[in-house]
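Numbered per numbering that gives the first Met the number 0, the sequence shown spans residues 0 to 105.
All residues carry an ideal CB built from backbone N, CA and C; glycine is no exception.
Nothing here was measured: the structure is a model prediction, and the numbers come from that model.
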Amino acid sequence: MRVARDRAIFHALCVVDEAQERARTGAVPPTAGLRLALAFLHLCGAERSWIEQFWKAAVGRSETGQGATAFGRSQEMTAAVNAITRAVGVERSSAFLDALRDARRS
Numbered sequence: 000m001r002v003a004r005d006r007a008i009f010h011a012l013c014v015v016d017e018a019q020e021r022a023r024t025g026a027v028p029p030t031a032g033l034r035l036a037l038a039f040l041h042l043c044g045a046e047r048s049w050i051e052q053f054w055k056a057a058v059g060r061s062e063t064g065q066g067a068t069a070f071g072r073s074q075e076m077t078a079a080v081n082a083i084t085r086a087v088g089v090e091r092s093s094a095f096l097d098a099l100r101d102a103r104r105s
């Protein structure tokens, strides 16, 4: 079965979105699914530097809460996800974010 490129990108972004949400409670486990999603997004045009920034902030750091360090970590992930999403040709609109969250719930 072949999956359309746009659909595969959407699913990879679902995995990244889930990792970003889980990072609110600490470091994210370096799962094979997250690695595959990031590698696929890189193949689709996302720059390696943004992939690495997201990986290091999500997996390599564990700051949470209201402090400046936790805020910085969150901002690093958000900047990376925004750049990755844009690079693979997806507009990160509120409708898109709602679709991601809906897909993750089902």
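Burial state of residue i, where buried means 16 or more other Cβ atoms lie within 10 Å
i	result
R72	buried
T84	buried
F70	exposed
A79	buried
L35	exposed
Euclidean distance between Cα positions of residue i and residue j
i	j	result
L99	N81	14 Å
L37	P29	11 Å
R104	R23	18 Å
Same chain only: Cβ atoms within 7 Å of residue i, ignoring 5 sequence neighbours per side
i	result
F9	none
H41	R47 and I50
V58	A26, V27 and P29
Chain C within 7 Å of residue i, Cβ atoms only
i	result
V80	The structure shown contains no chain C, having only a single protein chain.
Span of the alpha helix (DSSP H), counted from its first residue to its last, around residue i
i	result
C13	R4 to R21
V58	R47 to V58
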